[in-house]
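A.B. asks: For my numbering, count along the sequence shown from 1 and bump the result up by 83.
The beta carbon of each residue, even a glycine, is placed where N, CA and C say it ideally should be.
Sending over a structure as structure tokens; questions will come in a sec.
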Amino acid sequence: MSAARTVTVPTLDHGPVTLPEPDWCAGHVGQPVEVRADLHHAAPLDVPDGLLDLVAELVAFPYGETPVPVSVYVELVPVAVTLDPDGLRRYAAALAARATLLRRLADRLTVLRSGGAW
Numbered sequence: 084m085s086a087a088r089t090v091t092v093p094t095l096d097h098g099p100v101t102l103p104e105p106d107w108c109a110g111h112v113g114q115p116v117e118v119r120a121d122l123h124h125a126a127p128l129d130v131p132d133g134l135l136d137l138v139a140e141l142v143a144f145p146y147g148e149t150p151v152p153v154s155v156y157v158e159l160v161p162v163a164v165t166l167d168p169d170g171l172r173r174y175a176a177a178l179a180a181r182a183t184l185l186r187r188l189a190d191r192l193t194v195l196r197s198g199g200a201w
């Protein structure tokens, strides 16, 4: 059994604070921490692109400098959340629902561009 790692991080309100550091922690670069209460362990996760919220609207710019035929404007909005396992599952389901929505919008747009109704 190996000894637990510890790290000492300078804080402005409590001076140097020594604490156990979990194996997954990426370290404590960029310290000092202003207040001990803000001290935390963190590690970046490899998350594929696409975990974003979105806003969509039907648009057309017939008189634009470069005219745009009827299209769907999609704005991806980064969402920063901290989630527990159930929250992650709900978030994943919401992302899948957004993808389904975008596919439905693409189908409807195809019909609209072919002369059908929205």
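So, with DSSP's three-state summary, where would you put Ala-120?
C.D. replies: If you number the sequence shown from 1, residue 120 lands on position 37. Helix at Ala-120.
A.B. asks: Can you give the beta carbon distance from Val-153 to Leu-141, rounded, assuming they're within the 8 Å contact cut?
C.D. replies: Counting from one through the sequence shown, the residue named residue 153 turns up at place 70. Counting from one through the sequence shown, the residue named residue 141 turns up at place 58. Sure, about 7 Å apart at Cβ, within 8 Å.
A.B. asks: Work out the CA separation of Glu-117 and Arg-88 for me, nearest whole Å.
C.D. replies: Translated into positions along the sequence shown, residue 88 becomes position 5. Translated into positions along the sequence shown, residue 117 becomes position 34. Answer to the nearest angstrom: the Cα atoms are 23 Å apart.
A.B. asks: For His-111, which residues from the same chain have a beta carbon less than 7 Å from its beta carbon, with the 5 sequence-adjacent residues on both sides left out?
C.D. replies: By 1-based counting over the sequence shown, the position of residue 111 is 28. Contacts found: Val-90, Val-92.
A.B. asks: In or out: Met-84 buried (at least 16 other Cβ within 10 Å) or exposed?
C.D. replies: Looking up residue 84 in the sequence shown gives position 1. For Met-84, the predicted model reports a pLDDT of 46, less than 50, meaning its position is unreliable; a value from the coordinates is still stated below. The residue in question, Met-84, is exposed, as its Cβ has fewer than 16 Cβ neighbours within 10 Å.
A.B. asks: Distance, Cα to Cα, Ala-180 vs Leu-159?
C.D. replies: Taking the first residue of the sequence shown as 1, we reach residue 180 at position 97. Taking the first residue of the sequence shown as 1, we reach residue 159 at position 76. Roughly 15 Å separates the two Cα atoms.
A.B. asks: Which class does Thr-165 belong to by DSSP, given the choice of helix, strand or coil?
C.D. replies: Taking the first residue of the sequence shown as position 1, residue 165 is located at position 82. Thr-165 falls in the coil class under three-state DSSP.
A.B. asks: Please confirm whether Leu-188 and Val-155 have their CB atoms less than 8 Å apart.
C.D. replies: Stepping through the sequence shown from its first residue, residue 188 is reached at position 105. Stepping through the sequence shown from its first residue, residue 155 is reached at position 72. Yes. Within cutoff.
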